[in-house]
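Participant: Using the UniProt record's numbering, the letters of the sequence shown map in sequence onto residues 1 to 234.
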Amino acid sequence: MAENPLSSRAWWKGDGVVGKPRIVINLSTQRVQYYKGKELVGVSPISSGRESHGTVTGSYRILDKDIDHRSSLFGSYVDKEGNLVQGDVDTRTDPAPPGTKYLGANMRYFMRIVGGIGMHEGYLPGYPASHGCIRLPTKMAAIFFKETPTGTPVEIMGESALAATESEIPIGVDKITDVASPETKRDVKKKSKEPLKGQPKTTVRRAVVDASKPSWFKWTRRPPRGATIYLSEE
Numbered sequence: 001m002a003e004n005p006l007s008s009r010a011w012w013k014g015d016g017v018v019g020k021p022r023i024v025i026n027l028s029t030q031r032v033q034y035y036k037g038k039e040l041v042g043v044s045p046i047s048s049g050r051e052s053h054g055t056v057t058g059s060y061r062i063l064d065k066d067i068d069h070r071s072s073l074f075g076s077y078v079d080k081e082g083n084l085v086q087g088d089v090d091t092r093t094d095p096a097p098p099g100t101k102y103l104g105a106n107m108r109y110f111m112r113i114v115g116g117i118g119m120h121e122g123y124l125p126g127y128p129a130s131h132g133c134i135r136l137p138t139k140m141a142a143i144f145f146k147e148t149p150t151g152t153p154v155e156i157m158g159e160s161a162l163a164a165t166e167s168e169i170p171i172g173v174d175k176i177t178d179v180a181s182p183e184t185k186r187d188v189k190k191k192s193k194e195p196l197k198g199q200p201k202t203t204v205r206r207a208v209v210d211a212s213k214p215s216w217f218k219w220t221r222r223p224p225r226g227a228t229i230y231l232s233e234e
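1) Using three-state DSSP, classify K80 as helix, strand or coil.
2) Do you know how far the Cα of P98 is from the Cα of G158?
3) Does the beta-carbon distance from G37 to W12 come in below 8 Å?
4) Measuring CA to CA, which of T100, T29, I113 and F110 is closest to Y127?
5) Do the CB positions of I156 and Y123 come within less than 8 Å of each other?
6) Would you say S59 and P153 are within 8 Å of each other, going by their C-beta atoms?
7) Measure the alpha-carbon distance for G118 versus S76 and round it to whole angstroms.
8) Alpha carbon to alpha carbon, what distance is there between K101 and K80?
9) For E39, report the span of its beta strand (DSSP E) as first-last.
10) Which residues in the same chain as S160 place their Cβ atom closer than 7 Å to its Cβ, once the five residues preceding and following it in sequence are excluded?
11) Closest to T57 by C-alpha separation, out of K65, I23 and A96, would be which residue?
12) Between the C-alpha atoms of V78 and G19, what's the straight-line distance to the nearest angstrom?
13) Quick one: what does DSSP say S28 is sitting in, helix, strand or coil?
14) How many Å lie between I10 and S44 at the Cα?
15) Using three-state DSSP, classify L162 as helix, strand or coil.
16) Taking I62 as the reference, which of E147, V85 and L84 has the closest Cα?
17) DSSP on F217, reduced to helix/strand/coil?
18) Let me check understanding here. Comparing Cα to Cα, which of S130, K65 and G116 lies closest to D88?
19) Using C-beta distances below 7 Å, list every residue in its chain close to V85, excluding the 5 sequence neighbours before and after it, in chain order.
20) So, at 7 Å on beta carbons, what are the nonlocal neighbours of E39 in its own chain, with the 5 sequence-adjacent residues on each side left out?
21) Which of the three DSSP states, helix, strand or coil, is assigned to K101?
Written as structure tokens, this is what we have:
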């Protein structure tokens, strides 16, 4: 299948492909590459740890998986009715206001890599912004979670400070259009770099929420082996 140039930020063609899975995360390009054997079968943008919470580099393995995981460190304090009282809290440094309870940040499709760091569904603002975890778009997080057994090797390399700024991808987005602001284009040109071997060149796009789709992803049909599924596929 010919590659859709409007969808190169995220794609998957690993259904039916045999070979042991392997994941490579590049902080410099803010991309994750998914291999089965020696074949590259998936690519996705990420948002890794921000400056004060940098994502660790090195060689690891998927330790465990939790489809409905919530953070034990970062989240919000809510009242008895569940209304937000204080957001973006760190339980290690932010005491709970009287009469509130802690609600951990939602980290669906969580796959633990090392310590409290893992890959999961999350909001991608277009730059490194997490507390150290690897955020993925909803659809790609669901695919990776489904395809990845515990013990899968994960290599994390690069430096997030070198990452170019891209347009955001909100949680639940299925569609990305090939539109960029002049400011973003200048920033990408300034910080241009070569992508990983076999990876499509980085193109900046603006994410567009398709209101006709739910904010979760579920396969209804299994594509044929090697079929390429793009994040913008309807």
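Note that the Cβ used here is the ideal one computed from N, Cα and C, for glycine as well.
Keep in mind that this is a model prediction, so the values were computed, not measured.
Facilitator: In this structure, then:
1) coil
2) 43 Å
3) no
4) That would be T29, whose Cα lies nearest to the Cα of Y127.
5) Not a contact, by the Cβ cut-off of 8 Å.
6) yes
7) 20 Å
8) 7 Å
9) Its beta strand (DSSP E) spans residues E39 to P45.
10) L27, S48, G49, G54, T55 and P128
11) I23
12) A direct Cα-Cα distance of roughly 46 Å separates V78 from G19.
13) In the displayed model, S28 falls within coil according to three-state DSSP, outside both helix and strand.
14) Reading off the sequence shown, one finds Ala at residue 10, where the question assumed Ile. Whole-angstrom Cα-Cα distance: 4 Å.
15) helix
16) E147
17) Model confidence at F217 stands at a pLDDT of 39, short of 50, so the residue's coordinates are unreliable and nothing is read from them.
18) S130
19) Y77, V78, D79, P97 and T100
20) V17 and G19
21) In this structure, K101 counts as strand in the three-state DSSP scheme.
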